[in-house]
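The sequence shown maps to residues 0 to 384 in numbering that gives the first Met the number 0.
From the three backbone atoms N, C-alpha and C, an ideal C-beta is built for every residue, glycine too.
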Amino acid sequence: MIRTIGVIGGGQLGRMFALDAKRMGYDVIALDPQPRSPCGQVADEQIVAQYDDFDAIERLGSRTDVVTYEFENIAIESIRRLEARGYAVSPSSRVLQITQDRIAEKTFARDCGAPVAEFAEVSSAADVRAAGERVGYPAVLKTVSGGYDGKGQWRVADERGAREAVDKVGGARLIFERFVPFELEISVICTRSARGEIVSYPPAENEHDAGILSLSLVPARVSSDVASKAREITERIARALEIVGTFCVEFFVTGGNLLVNEIAPRPHNSGHYTIDATRCSQYEQHVRAICGLPLSPPELMRNAIMVNILGTGTGNTLEGIDQLLKDPSIVLHVYGKRHATNRRKMGHFTMLIDGPVTDDHIARARDARALLRWTRSSDDEGPAP
Ligand code: AMP
0 MIRTIGVIGG GQLGRMFALD AKRMGYDVIA LDPQPRSPCG QVADEQIVAQ YDDFDAIERL
60 GSRTDVVTYE FENIAIESIR RLEARGYAVS PSSRVLQITQ DRIAEKTFAR DCGAPVAEFA
120 EVSSAADVRA AGERVGYPAV LKTVSGGYDG KGQWRVADER GAREAVDKVG GARLIFERFV
180 PFELEISVIC TRSARGEIVS YPPAENEHDA GILSLSLVPA RVSSDVASKA REITERIARA
240 LEIVGTFCVE FFVTGGNLLV NEIAPRPHNS GHYTIDATRC SQYEQHVRAI CGLPLSPPEL
300 MRNAIMVNIL GTGTGNTLEG IDQLLKDPSI VLHVYGKRHA TNRRKMGHFT MLIDGPVTDD
360 HIARARDARA LLRWTRSSDD EGPAP
């Protein structure tokens, strides 16, 4: 019988998960180094500790019935120790191990029969020539672990550029990947339960700005063949991973074909729309999966555009909300972060749309975002340490 859920990571994904878990009657304990984290604010309690503080993580395990995590850059050792002590953790350390490492992840996807861009592993300048010959240029080099939101990533045109990228990271493992001239990026949010039940939402179409998700729209403007193929590949990955929980597969669409780019073993930014546009959000599906409850049909009730609200670095007070909310189709979510550090994800809004999503809707969503700005108020605590 599950009463209390532990969440490692106190960010916005944890917060939206905790809000659904609380609505469904569960107690939630968050673990995050930052006091009053976005998730900690809505959880019953927060343990303030680093993600590699094994004692604190074990305390979280001992005080909860199941532990989950809201981001993948945590020490795998933490999850392995919890499992070794007999605490329930979802998704498992095996899933985390595969998805934490871009080489393991791409190899896994390829072994599932999912197409991926050509890739090779490099960790020294000596590896670059062979990788270039195998994969070709232009290429994208990314750190194998620890990168997010476009950090730890270099687009290179030739061997010289690739060597420079390798020098920058000083011996760290990199994935050397063929640059994909994609037409679109899409993602599929999927949940698998312990009983093996699987649901996947219609693909979202994603627009990035300098590596950070800027806008998602659903359903993605792809053929029904591409949409069902993306869902089929995602569900195949779910089965092969034996994942319990909500996760996301990101794809490039190029020439009508799909290439898997990334697997995120947790609810995903491109699935925020599910809160307002579907009957059961990606977060509720995650609660259901890790608590052994039946999953819910992933039906889209309305079409939607989700727009991320990023920080500008000038303050902690969001202005323009009064103008924004004059549009009745907009639902606002703000994450309670104390300081709007430059380009930090501070909130999002979802614009609900009847009928097909058009370029006019996208322009309206962009205009709506332009109404918002961060300003400094007298109680601004300054940047997080
Ligand atoms: P990632 O961290 O792998 O999700 O990469 C962040 C973003 O960089 C992606 O959403 C793409 O827009 C871009 N990107 C990553 N890998 C490639 C690639 N092989 N070819 C083209 N663009 C890429």
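For residue i, does the count of other Cβ atoms within 10 angstroms reach 16, so buried, or fall short, so exposed?
i, result
"K141", "buried"
"H347", "buried"
"T245", "buried"
"P266", "buried"
"M15", "buried"
"E69", "buried"
"P384", "Low per-residue confidence applies at P384: pLDDT is 40, beneath 50, and the placement is therefore not dependable, though the value from the model is reported in the following sentence. Exposed is the call here."
"D359", "exposed"
"E76", "exposed"
"N315", "buried"
"D353", "exposed"
"P355", "exposed"
"D166", "exposed"
"P202", "buried"
"A303", "buried"
"S376", "exposed"
"P180", "exposed"
"K344", "buried"
"A87", "buried"
Check each candidate in the options and name the one with the smallest Cα separation from residue i.
i, options, result
"D64", "R2, L257, S295, N205", "R2"
"V121", "V168, R375, I7", "V168"
"Y200", "Q45, I274, G39", "I274"
"L183", "V225, C38, L370", "V225"
"D326", "A29, D43, M350, L317", "M350"
"I262", "E249, S61, Y272", "E249"
"W153", "I174, Y50, G135, R133", "I174"
"L323", "R230, I7, M305, R368", "R368"
"H271", "L299, G255, L258, G291", "L299"
"R287", "P114, F107, G85, R194", "R194"
"A124", "V134, G170, F107", "G170"
"A113", "L294, I361, V143, I232", "I232"
"R235", "V66, T253, E163, V259", "V259"
"D26", "S36, S186, L59", "L59"
"L216", "I185, G210, R230, A209", "I185"
"V66", "G8, S328, A108", "G8"
"K418", "C38, L18, Y282, A116", "It is not possible to answer for residue 418, since the shown part of the chain is limited to 0 through 384."
"R301", "D366, S328, D31", "S328"
"A441", "G10, I78, V134, A229", "In this structure the chain extends from 0 to 384, so residue 441 is not present and cannot be described."
"A20", "P32, D31, R80, G5", "G5"
"R133", "A116, A87, G145", "A116"
"L214", "L317, R62, L309", "L309"
"Q11", "A29, M23, D52, D110", "A29"
By Cβ distance, which residues of its chain are closer than 6 Å to residue i, with the 5 residues on each side in sequence left out?
i, result
"I242", "P90, V94, R191"
"G131", "E158"
"G118", "In the sequence as presented, Gly is not what sits at residue 118; that position holds Phe. Cβ neighbours of F118 beyond the five flanking positions: K105, I174, E176."
"V333", "G346"
"I56", "S77"
At the 8 Å Cβ level, is residue i part of the contact set with chain B, yes or no?
i, result
"V66", "Chain labels in this structure do not include chain B; a single protein chain is all it has."
Starting from the C-beta of residue i, find all residues in its chain whose C-beta is less than 7 Å away, skip the five residues before and the five after it, and write them out in chain order.
i, result
"L212", "N205, N268, S269, N307"
"G312", "A339, T340, N341"
"P392", "As displayed, the chain neither begins before 0 nor continues past 384, which places residue 392 out of reach and without an answer."
"Q284", "T190, V198, T245, L294, S295"
"V221", "L183, I185, P202, V252"
"R128", "E158"
Report all residues from its chain with a CB closer than 8 Å to the CB of residue i; omit the five preceding and five following residues, and keep chain order.
i, result
"I320", "L331, L371"
"P34", "Q45, V47"
"I102", "F118, E120, V143, R172, I174"
"G62", "First, the amino acid is wrong: residue 62 is Arg here, not Gly. Only T3, G5, I28 meet the Cβ criterion."
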